[in-house]
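Notes for the one structure printed next.
As structure tokens, this is what we get:
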């Protein structure tokens, strides 16, 4: 199993300090994660409430300059909000400057505020997402030569994408799948890898959707064994169970409550997001006790033995190829992030490789 760390941080000035200190601490952590043997680090994209990153590409390039092995992912790049040729160029540069280490995660996002901010109709989100992804794949596959595309939003004639990415025919692309089965099936039909969410309470839905994704891959002529399924899950590997129940749970609960307020303040009314709202967590999990949450296996919180047991359950239930661990959340002080990741790397990761 592969292990990456996903940064979708809720920024708090009183905890993280200035912007330069905030980003500097994250880059220091990335260097340490490479030394600890993590396979990848991923940067999210959001444009609201000081959450995640406005430019995951900038973070990836900065991380590339300080590392040599660890792979660099986007979790996820919000394709509908941007011109896809611009994304193709930008992330091809990331692949070149990192020496071919890009893992490109794509999705629609879930915040209505982002669509409002960019003046885009959320009803168009799925169509923009899929057309944009096609343009990016065509641009990368053209290997620096001129290409044409047809489409509703971005018909192109004689376009070029320079530089071409190092990884050919293109860097690995991970399509996000969460609450809508069709997103899993579309990823399979296009032969893309899958990034999904193991923190969703509808665990049976996610497990069954993964199984249908793999079946659809085979039906579309793709080898399921060559396509990865990655799952996002919160992680806090504590020294003791008492620390996990007190400190680890406090950070997780802080984040769940923060998360629940994001789209609650500006909810989607678009039909394109109805499935999301029918299956969304609501993050009312923030109202649960640690004991209630602990029994759900929605997060990896505990001492090394407890985290190992939870991960065994995740492995058997979902059968993923890797995990994207969310650690630095809920106003966690930056100096605590690496000790948590070090305990996981030392006591848990070797048991799953």
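In the numbering used here, the protein residues as written are 82 to 434. For glycine and all other residues, C-beta sits at the position ideal for the given N, C-alpha and C.
Do residue 328 and the ligand SAH come close, with the Cβ less than 7 angstroms from some heavy atom?
Here there are no bound small molecules, and the ligand SAH is not part of this structure.
Measure the Cβ-Cβ separation of residue 426 and residue 117 and say whether it is below 8 angstroms.
Mapped onto the chain shown, residue 426 falls at position 345. Mapped onto the chain shown, residue 117 falls at position 36. Taking 8 angstroms as the Cβ cut-off, residue 426 and residue 117 qualify as a contacting pair.
Within its chain, find whatever has a CB closer than 7 angstroms to the CB of residue 115; leave out the 5 residues flanking it on each side and keep chain order.
Counted from its first residue, the chain shown places residue 115 at position 34. Correct list, in chain order: 148, 150 and 151.
Take residue 169 as the anchor and find which of 220, 131 and 122 has the nearest alpha-carbon.
The sequence position of residue 169 within the chain shown is 88, counting from 1. If you compare the alpha carbons of 220, 131 and 122 with that of residue 169, the shortest gap goes to 220.
Can you find the residues in the same chain that come closer than 6 angstroms, C-beta to C-beta, to residue 131, ignoring five residues on each side of it along the sequence?
Sequence index remark: in the chain shown, residue 131 carries index 50 (1-based). So the list reads 92, once near-sequence residues are dropped.
Pair every Cβ in the stretch 200-217 with every Cβ in the stretch 156-166, then say whether three or more of these pairs are closer than 8 angstroms.
With a cut-off of 8 angstroms, the stretch 156-166 and the stretch 200-217 count as touching, because enough Cβ pairs lie within range.
Spell out the partners DSSP gives residue 153 in its beta bridges.
As a first step, residue 153 must be located in the chain shown, where it is residue number 72. When DSSP reads this structure, residue 153 sits in a beta bridge with 122 and 183.
Three-way DSSP call (helix, strand, coil) for residue 273 in this model
Here the question's residue 273 lines up with position 192 in the chain shown. Judged by DSSP in its simplified three-state form, residue 273 adopts coil rather than helix or strand.
Cβ-Cβ distance between residue 434 and residue 385 below 8 angstroms
Within the chain shown, residue 434 is the residue found at index 353, counting from 1. Within the chain shown, residue 385 is the residue found at index 304, counting from 1. Against a cut-off of 8 angstroms, the Cβ pair of residue 385 and residue 434 comes out as no contact.
Cβ neighbour criterion (16 or more within 10 Å) applied to residue 276:
What you label residue 276 is simply residue 195 of the chain shown in a count that begins at 1. With 16 or more Cβ atoms within 10 Å of its Cβ, residue 276 is classed as buried.
Starting from residue 287 and walking both ways along the alpha helix (DSSP H), at which residues does that stretch end?
Walking along the chain shown from the start, residue 287 turns up at place 206. Following the DSSP letters along the chain, one finds residue 287 inside the alpha helix (DSSP H) bounded by residues 284-300.
On the DSSP bridge assignment, give the partners of residue 132 in chain order.
Translated into positions along the chain shown, residue 132 becomes position 51. According to DSSP, which records beta bridges pairwise, residue 132 is partnered with 91.
May I ask you to report which of helix, strand or coil DSSP gives residue 398?
Mapped onto the chain shown, residue 398 falls at position 317. In the structure shown, residue 398 sits in a helix (DSSP, three-state: H, G or I).
Selected residue, minimal CA-CA separation from residue 165, among 111, 224, 156 and 237:
In the chain shown, counting from the first residue as 1, residue 165 sits at position 84. If we check each option's Cα against that of residue 165, 237 comes out closest.
Roughly how many angstroms separate the alpha carbons of residue 331 and residue 411, rounded to a whole number?
If you number the chain shown from 1, residue 331 lands on position 250. If you number the chain shown from 1, residue 411 lands on position 330. Our two residues, residue 331 and residue 411, have alpha carbons roughly 8 angstroms apart in a direct line.
Which ranges would you report for the beta strand (DSSP E) in the stretch 225-281 if only whole runs of at least 3 residues count?
Along the length of the stretch 225-281, whole beta strand (DSSP E) runs at least 3 residues long occupy 228-230, 237-240, 254-258 and 274-278, reported in chain order.
Residues near residue 241 by beta carbon distance below 6 angstroms, same chain, minus five either side
Start at 1 with the first residue of the chain shown, and residue 241 comes out as number 160. Here the set comprises 227.
Straight-line gap, residue 108 to residue 89 (C-alpha atoms, nearest Å):
By one-based count along the chain shown, residue 108 stands at place 27. By one-based count along the chain shown, residue 89 stands at place 8. Roughly 14 angstroms between the two C-alpha positions.
Checking the sheet assignment: what are the DSSP bridge partners for residue 83?
Your numbering for residue 83 matches position 2 in the chain shown. As a beta-bridge residue in DSSP terms, residue 83 pairs with 403.
Residue 206, DSSP secondary structure in three states:
Position 125 of the chain shown, counted from the first residue, corresponds to residue 206. Judged by DSSP in its simplified three-state form, residue 206 adopts helix.
Counting only the same chain and skipping the five closest in sequence on each side, list residues whose C-beta sits under 6 angstroms from that of residue 103.
Walking along the chain shown from the start, residue 103 turns up at place 22. Leaving aside the five residues that flank residue 103 on each side, the residues in its chain whose CB is nearer than 6 angstroms to its CB run, in chain order, 97.
Residue 380 beta carbon less than 8 angstroms from that of residue 291
Position 210 of the chain shown, counting from 1, holds the residue named residue 291. Position 299 of the chain shown, counting from 1, holds the residue named residue 380. Cβ atoms of residue 291 and residue 380: not closer than 8 angstroms.
Work out the CA separation of residue 194 and residue 398 for me, nearest whole Å.
For the purposes of this step, residue 398 is taken as the residue at position 317 of the chain shown. For the purposes of this step, residue 194 is taken as the residue at position 113 of the chain shown. Rounded to the nearest angstrom, the two C-alpha atoms are 35 angstroms apart.
Any idea what DSSP makes of residue 194, helix, strand or coil?
Locating residue 194 in the chain shown gives position 113, counting from the first residue. If DSSP states are grouped into helix, strand and coil, residue 194 belongs with the helices.
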